Structure formats: structure tokens, C-alpha cells
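This report concerns only the one structure given below.
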């Protein structure tokens, strides 16, 4: 048995637009509901949802056999958590709140076996199909995708340097936290936020790395993908459920008013 190719990593390296969905419902059943939808990628969040490694395992299993690449965002740049996630089968990770090239290098190191990093070795785990993947140790470095998230003005100022770190495969901009740092808390679509993001995104592209983000708007998502962003999440499962439930109730109430 051979290690599968990381299609998401290959796609963003080639500049192929990738449309994503944020997954914050900590449940394998809800993940399985959206798996057949056909998104290019889905972000399994551990930072801003009460998610744990065991639950993420079930979510990863829910995406088995689908065309969607599951990406896991650990709650922090913690090599112990990263080790457990990779052993569970996660080969694409989004590291939150990366502030410097040094922090980006630490994130990369957490995903690599020695001598390239500090990941601990397990001979039989889900990532290598319990020891059945014969080329796992030879190829896992090439098939691991590391995305780092920039969320402050300080990080934006170092975007090109962070992007240049060996092993960083893409840069993700977090408009909500960047907005908070700019004094625009709760308004991630504020033009001032994007005026700060866009030059940094261009600097990353000039450094040869793809850029991504999250916006809860289909038209804006498409616009960003046309403007040079490579991977964009256009919504999330929680907001889809909340808005859908609210809209359905409002429609019925209007009908009986």
C-alpha cells in the first residue's frame, strides 16, 4: 500500500483555485453530511470550537472517499497535538497566530521527523494505515502541507519573510483577528482590513507562495479567487445551520402573520 498524493497541496502549488468550508460542529455525523458536497477542502477547527483529537479522528474518517481534503487547525502551535493529529491521519494543517519566521519554522518542525524536525515516530498509526503504507517514511514529508495563519499587523509586516520559510506551503490571512488588531472588531469585511491584507498577500505571492482566507460571502469569495487568492473558505457549517434555521422559521411566521 502506497501513501496517497496530497491533492490540495499539489493544487495550491499549481495555482488551482480551491473553495473551502469551515467545519466547527464537533461531530463526525455532521462532517459526513457535507463531505459529498464537493468542496475542495474543509477546515476542521480545534481553535475556536470545543474539538478534541478523538473527535477530529471521526471527522477525518467522515471525509474518507470524498473529493474534499480535510485540513485540521490545532488550537495552538503545539508539537504534541500536531504529532497526535498526524498520527490520526491529518496531513494538512493550518497553524493559528503565527507571528514571525521563527514561529513558522517551529510549526514546520512539528510536522517533520528528525533530522528535519521533532515529530515523534510511531510505527503503526492511522496515518500509515497501521504500518501497511510501505513508503510512508519516505514520502510523508513531501505529502504534508503546512499552512500558517497571519492574524496581526506585526505578522502582516513580516508576511514575505514568513512565506519564505522552508516547509511553509501557504499563507492564510485571518480578517477577523486582523480587524481586531486594527480596532475593527467584529467587522471582518471592513475595507480598512482588506487594505491591510492585500499588499501583504501580494508580497506572499511575489515570494512564490499561495494565499488563502475565510469570508462568509459567496460573491466576495469568488472575487478573491479571481484576484489571486488560491484557497478561500466561503462559509461554515455553524453559520449555514444558524441562518437556515432562522430563515425557515421567519418564512413560516410570515406565512401565518
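Residue numbers (this note's numbering): -18 to 238. Glycine included, C-beta positions come from ideal geometry on N, C-alpha and C. Computed from a prediction, not measured in an experiment: that's the story for all the values here.
Using three-state DSSP, classify residue 1 as helix, strand or coil. strand
Determine whether the beta carbon atoms of residue 295 and residue 217 lie at a separation below 8 angstroms. The requested residue 295 does not occur in the structure, where the chain is confined to residues -18 to 238.
Output the distance between the C-alpha atoms of residue 116 and residue 195, rounded to the nearest integer angstrom. 34 angstroms
Quick check: what's the CA-CA separation for residue 82 versus residue 28? 21 angstroms
On a Cα-Cα basis, can you pick out the residue from 88, 145, 107 that is closest to residue 99? 88
State the start and end residues of the unbroken beta strand (DSSP E) segment that holds residue 130. 126 to 131
Using the three-state DSSP reduction, which class does residue 184 fall into: helix, strand or coil? helix
Just to confirm before moving on: does the CB-CB distance between residue 69 and residue 41 stay below 8 angstroms? yes
First and last residue of the uninterrupted beta strand (DSSP E) at residue 52: 50 to 54
By the three-class DSSP mapping on this structure, what secondary structure does residue 252 have? It is not possible to answer for residue 252, since the shown part of the chain is limited to -18 through 238.
Can the beta-carbon of residue 140 be found less than 8 angstroms from the beta-carbon of residue 128? no
Does DSSP put residue 247 in a helix, a strand or coil? Limits of the chain in this structure are -18 at one end and 238 at the other, which puts residue 247 out of reach.
Looking at the strands, I want to know which residues DSSP matches up with residue 26. 54
Per DSSP, which one or two residues make a beta bridge with residue 115? Residue 115 is not bridged to any residue.
Who does residue 217 pair with in a DSSP beta bridge? 3
Residue -12 by DSSP, collapsed to three states: which one? helix
Is the beta carbon of residue 79 less than 8 angstroms from the beta carbon of residue 136? yes
Per the contact definition of three or more C-beta pairs closer than 8 angstroms, is the segment 167 to 176 in contact with the segment 117 to 127? no
With residue 92 and residue -10 assumed to form a contact (beta carbons below 8 angstroms), what rounded beta-carbon distance in angstroms separates them? Going by Cβ atoms, the distance from residue 92 to residue -10 rounds to 12 angstroms, so no, they are not a contact pair.
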